[in-house]
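Engineer: In mature numbering (1 follows the signal peptide of the UniProt record, and there is no 0), the protein residues as written are -26 to -1, 1 to 295. All residues carry an ideal CB built from backbone N, CA and C; glycine is no exception. Quick caveat: nothing in here was measured; it's all calculated off a predicted structure.
1) Short check: CB of residue 228 to CB of residue 91, under 8 Å?
2) I'd like to confirm the pairing. Which residues does DSSP put opposite residue 224 in its beta bridges?
3) Assuming residue 198 and residue 219 make a contact with CB atoms under 8 Å, what is their CB distance in whole Å?
4) Applying the criterion that 16 or more other CB atoms from any shown protein chain within 10 Å of the CB defines a buried residue, is residue 270 buried or exposed?
5) Quick one, which of 133, 255 and 85 has its alpha-carbon nearest residue 280's?
6) Can the beta-carbon of residue 132 be found closer than 8 Å to that of residue 156?
7) Short of 7 Å in beta carbon distance, which residues of its chain neighbour residue 230, apart from the five on each side in sequence? Order them along the chain.
8) Would you mind sorting residue 236 into buried or exposed? The rule is 16 or more other CB atoms within 10 Å of its CB.
9) Within 8 Å, do at least three Cβ pairs link the region 189 to 204 to the region 96 to 105?
10) Closest by CA to residue 12, which one among 252, 40 and 232?
11) In three-state terms, what does DSSP make of residue 293?
12) Measuring alpha carbon to alpha carbon, tell me which residue in 54, 97 and 49 is nearest residue 77.
13) Going by DSSP, name the residue or residues bridged to residue 267.
14) Can you list, in chain order, the residues of its chain whose CB lies under 7 Å from that of residue 74, leaving out five sequence neighbours each side?
15) Going by DSSP, what residue range makes up the alpha helix (DSSP H) through residue 137?
16) So within the region 5 to 54, which uninterrupted alpha helix (DSSP H) runs reach at least 4 residues, ignoring any that extend past its ends?
17) Measure the C-alpha to C-alpha separation of residue 167 and residue 273 and round it to an integer number of angstroms.
18) Out of 150, 245 and 127, which has the shortest C-alpha to C-alpha gap to residue 121?
19) On a CA-only basis, which of 174, 234, 248 and 82 is nearest residue 118? Give me that one, please.
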């Protein structure tokens, strides 16, 4: 009889545990979810975050807001997420900048202090010039730098941001020297090129596609395997005879310590949303390339990019000792 009672008690405990787990899954989320963008409003990170917030996953039926926590080449935003309560209600957006800053800035958040959630997609750099330069293609751009090192003023992020990394990659790959001027985010960098404040930029194409079409600036090369749909007239570096690719990326991440059931629910919801054809069509209209990966795939991609960026920084002597 005692054994029967013990077994009954154990079974009840298992059922109760399962009920509590189901209840916990059903209860999350109950409050607003915040997506933290580490750059100013108007850039591609911001656009993709707001698109997700406006079209929340079906299994996360709550309001979502986007908060821009800027500064320190993206480090402030990453730190904000890493130090937030690990309850699943704060999600971060990150890319190459977070990897670079983890090596360049001793106060930046180490990658091991965040938890990859879902990979959104890649974003290649482009090379664009102001009309005043008279430069028409990549060859003319490189020829000028070889004849007059530092003669081209390039607008980019602060050291560690992707457009800074892309500019540094270009310098290293072609053995040339730019005069790099830092701006706080993509939008002000694009404005600087349009106004003629700088002579070139290494920004993603969506930031300058309209200005290119209007003839206000000229995009002369895409650092990707294929041409970009927002500027189909612009050849890649490879098409112009140069084997050069510079790619940023978008991914969602969480602070360490979010309960597994909540993390799994977030992963499932955002991965399904990003895989949806209707969502991808909306994203394409904004110039965003969506190629989602689950958490495991995101971790693998992040590790690969980590090794690539580290090597770039080492070659440029940019790693903090």
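Structural biologist: Taking the definition as stated:
1) yes
2) 95
3) 6 Å
4) exposed
5) 85
6) yes
7) 60, 87, 88 and 89
8) buried
9) yes
10) 40
11) coil
12) 49
13) 93
14) 134, 139, 283 and 287
15) 136 to 148
16) 18 to 28
17) 35 Å
18) 150
19) 174
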